[in-house]
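Protein chains: 2
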Amino acid sequence: MSGAVPQMSDSGRIAIIAGNGALPDQVVACLQQGGRDHRVIAIRGEASDQVRRTAAIELGWGEIGRLYKFLERNGCEEILLIGGISKRPDAMSFLGDFGTLRRLPKILKALIGGDDSLLTKVIGLFEVEGYRVVGIRDVAKELLATQGIIGKHKPSEADLRDMKLALEATRRLGELDIGQAAVAVGGRVVALEGAEGTDAMLERCRDLRAIGRIRSRGAAGVLVKSAKPNQDLRVDLPAIGPRTIELAHAAGLAGVAVHAGNALVSEQELTLNKADELGLFVYGFDPDTQA
Amino acid sequence: MSGAVPQMSDSGRIAIIAGNGALPDQVVACLQQGGRDHRVIAIRGEASDQVRRTAAIELGWGEIGRLYKFLERNGCEEILLIGGISKRPDAMSFLGDFGTLRRLPKILKALIGGDDSLLTKVIGLFEVEGYRVVGIRDVAKELLATQGIIGKHKPSEADLRDMKLALEATRRLGELDIGQAAVAVGGRVVALEGAEGTDAMLERCRDLRAIGRIRSRGAAGVLVKSAKPNQDLRVDLPAIGPRTIELAHAAGLAGVAVHAGNALVSEQELTLNKADELGLFVYGFDPDTQA
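Respectively, the protein sequence lines represent chains A and B. First residue of the first sequence: 7, per this note's numbering; consecutive thereafter. First residue of the second sequence: 7, per this note's numbering; consecutive thereafter.
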């Protein structure tokens with residue numbers, strides 16, 4: 007079905023390699039709407055039923071040979087890796103087709119050597135075969151946070167101060183390649199994201215508020231998510247979604263702020279409706295001007 | 007009993023205002039051993055029975071008039087505030103004796119105005135009456151971490167790298183006056199202390215290891231505690247104790263590192279025995295040379 011759309015973009019055909027979550031489907035919808043020629047490749051055991059219905063092919067971890075054959079035969083020039091991976095593939099699952107085995111030395115060398123993250127290494131594997139790996143910022147800008155007030159509610163002066171404080175904290179953490187999120191309440195940074203991730207950090211804030219370690223009159227404080235300086239935004243974009251809003255609300259925060267143009271608002275309508283309803287602002291800041 | 011010890015220090019008589027925990031008693035023991043002339047003032051509802059037995063007087067929150075009278079009559083020149091406060095005094099408990107009421111405008115002004123922490127404000131209240139407020143570093147150096155390997159076990163090269171990484175993280179956090187602790191495992195900072203405190207941060211690391219979000223072969227990684235640049239070390243010294251060691255062990259860490267000379271090893275014998283027994287190193291670093 008997707009192949010029937012005429013090529014209207016000035017870029018070549020793009021392959022969407024789709025993991026789990028709602029995001030791959032949203033990206034596919036954007037490409038369809040924009041008339042961008044594309045092929046969807048569903049990762050077996052990860053892609054949603056919705057995505058699998060639009061997929062041209064479904065592949066498992068050991069089918070890298072088939073993957074490259076598909077890309078070549080379908081004339082794909084660009085690749086977008088999108089969605090999550092819930093099940094870590096074990097080593098055996100790579101002992102698949104001949105194309106995988108033939109590339110195994112190269113794959114292992116790429117995956118084992120160097121200091122890069124796993125995803126950056128995976129990108130390298132595609133690039134070495136001559137493919138361009140792109141990100142959501144290149145093909146589906148509609149899904150990104152815009153600058154300024156995004157939802158219905160406005161941040162107060164105090165909220166903007168908390169935002170700047172949390173942003174400064176994420177910047178310092180980012181330089182050390184630690185987390186990408188921080189929470190400030192009432193002029194004080196109260197939580198910093200490490201290996202636990204944003205959701206767990208917000209749950210912690212909720213619990214700290216419950217026992218009085220975080221205090222404020224009414225909702226106050228801001229969650230800031232901001233990309234790390236060395237983060238590869240093609241495969242790892244800071245993101246917020248409905249769950250982020252729910253947890254920020256449970257933590258008693260006044261709102262959520264992300265880097266405009268460099269952060270994803272997942273399930274945008276649902277996310278913003280929830281924020282509007284729960285009274286939280288959603289804000290896209292420009293980190294250079296902090297406005 | 008304490009008053010019977012002859013004055014051997016070149017400083018004047020010191021008043022120990024004792025909250026809860028094991029620390030006040032350890033400080034009193036140090037002063038007794040060093041022959042430093044002192045008086046112990048137990049905070050009612052906080053000081054341990056052990057401390058109350060050595061105390062010259064026991065006072066509640068509303069007895070600030072009696073406190074100052076005691077300090078004056080006993081010729082105390084210096085004050086050491088030591089131990090924790092578990093029960094936040096409510097406003098009513100300050101409506102106590104006449105000396106408290108008379109000072110109330112000054113007390114309220116000190117407590118409400120400015121950006122300083124509550125303890126810094128309390129220090130100001132004593133200083134304005136002519137008393138010198140000192141810290142453990144001034145009177146009981148024996149309780150502080152020494153430089154280098156403190157327990158039985160030695161940090162590996164990898165542990166020292168993790169230590170430097172976590173130290174750098176605490177330094178950056180400290181500049182923003184956030185937490186004073188961080189954990190690095192396998193070349194990656196995995197947890198940063200915010201409002202939750204060190205123990206809760208270590209519990210988080212334990213849980214993240216249980217679900218595989220922190221991985222290592224065997225024990226690995228280091229907890230670093232380091233004072234913030236603006237921290238008043240007279241009343242707020244980074245501290246580790248037996249519980250820190252237990253939690254660091256539960257989190258699968260290889261050891262614990264603190265700033266030599268600027269951190270307290272509470273219940274030293276118990277803490278070091280526990281570390282020795284559980285296989286954790288305890289290390290006092292010099293943050294200037296990072297050695």
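For glycine and all other residues, C-beta sits at the position ideal for the given N, C-alpha and C. Bear in mind that the values here come from a model prediction, so they are computed numbers and not experimental data.
Asked	Found
Listed by chain order, chain B residues near residue 197(A) by CB distance under 8 Å	200, 201, 202
CA-to-CA distance, residue 273(B) to residue 252(A), given in whole angstroms	43 Å
Among 80(B), 89(B), 45(B), 50(B), nearest to residue 28(B) - alpha-carbon criterion	89(B)
Any C-beta of chain A under 8 Å from that of residue 133(B)	no
Option nearest residue 207(A) by Cα separation, candidates 190(A), 128(A), 178(A), 126(A)	190(A)
Burial state of residue 216(B), where buried means 16 or more other Cβ atoms lie within 10 Å	exposed
Chain-ordered neighbours of residue 175(A) on chain B, where CB pairs are closer than 8 Å	179, 182, 184
Residue 214(B) at chain A interface by Cβ criterion, 8 Å	yes
Listed by chain order, chain A residues near residue 210(B) by CB distance under 7 Å	202
The stretch 224-232 of chain B touching the stretch 187-202 of chain B, judged by at least three CB pairs closer than 8 Å	yes
Interface flag, residue 15(A) vs chain B, CB-CB below 8 Å	Any reading at residue 15(A) needs caution, since the residue's pLDDT is 43, under 50, leaving its predicted position unreliable; the model's value is listed next. For residue 15(A), the answer is no, since every Cβ of chain B falls outside 8 Å of its Cβ.
3 or more residues per run - each beta strand (DSSP E) lying fully within the stretch 177-225 of chain B	187-191, 194-198
Separation of residue 177(B) from residue 183(B), as counted between CA atoms	10 Å
When 61(B), 19(B), 42(B), 43(B) are compared against residue 30(B), the one with the closest alpha-carbon	61(B)
CB contact below 8 Å: residue 58(B) versus chain A	no
Contact set between the stretch 215-232 of chain A and chain B, restricted to residues whose Cβ is under 7 Å from the partner	219, 220
Whether residue 43(A) touches residue 71(A) by CB criterion (8 Å)	no
Pairwise C-alpha distance: residue 269(A) and residue 148(A)	11 Å
Helix, strand or coil at residue 80(A) [DSSP, three-state]	coil
Backbone secondary structure at residue 12(B) - three-state DSSP	With a pLDDT of only 41 at residue 12(B), under 50, the local geometry of the prediction cannot be trusted, and no value is derived from it.
Coarse secondary structure for residue 44(B), derived from DSSP in three states	strand
Range of the contiguous alpha helix (DSSP H) that encloses residue 251(A)	248-256
At least three beta-carbon pairs within less than 8 Å, the stretch 157-168 of chain A to the stretch 154-167 of chain B	no
Of the residues 58(A), 105(A), 81(A), 40(A), the one placed nearest residue 69(A), counting alpha carbons only	105(A)
Buried versus exposed call for residue 235(A) [16 or more other C-beta atoms within 10 Å across all chains shown]	exposed
Cβ-Cβ separation, residue 86(A) to residue 20(A) (assumed contact under 8 Å), whole Å	6 Å
Among 136(A), 41(A), 66(A), the one whose alpha carbon lies nearest that of residue 84(A)	136(A)
Through-space distance from residue 223(B) to residue 279(B), alpha-carbon basis	24 Å
Assigned secondary structure, residue 334(B) (DSSP; H/G/I helix, E/B strand, else coil)	Past the boundaries of the shown model lies residue 334(B); chain B is included only from 7 to 297, so the question cannot be answered.
Beta-carbon spacing of residue 193(B), residue 213(B) below 8 Å	no
Residue 338(A) and residue 185(A) closer than 8 Å at C-beta	Nothing can be reported for residue 338(A), as the shown portion of chain A is limited to 7 through 297.
Option nearest residue 142(B) by Cα separation, candidates 23(B), 262(B), 172(B)	23(B)
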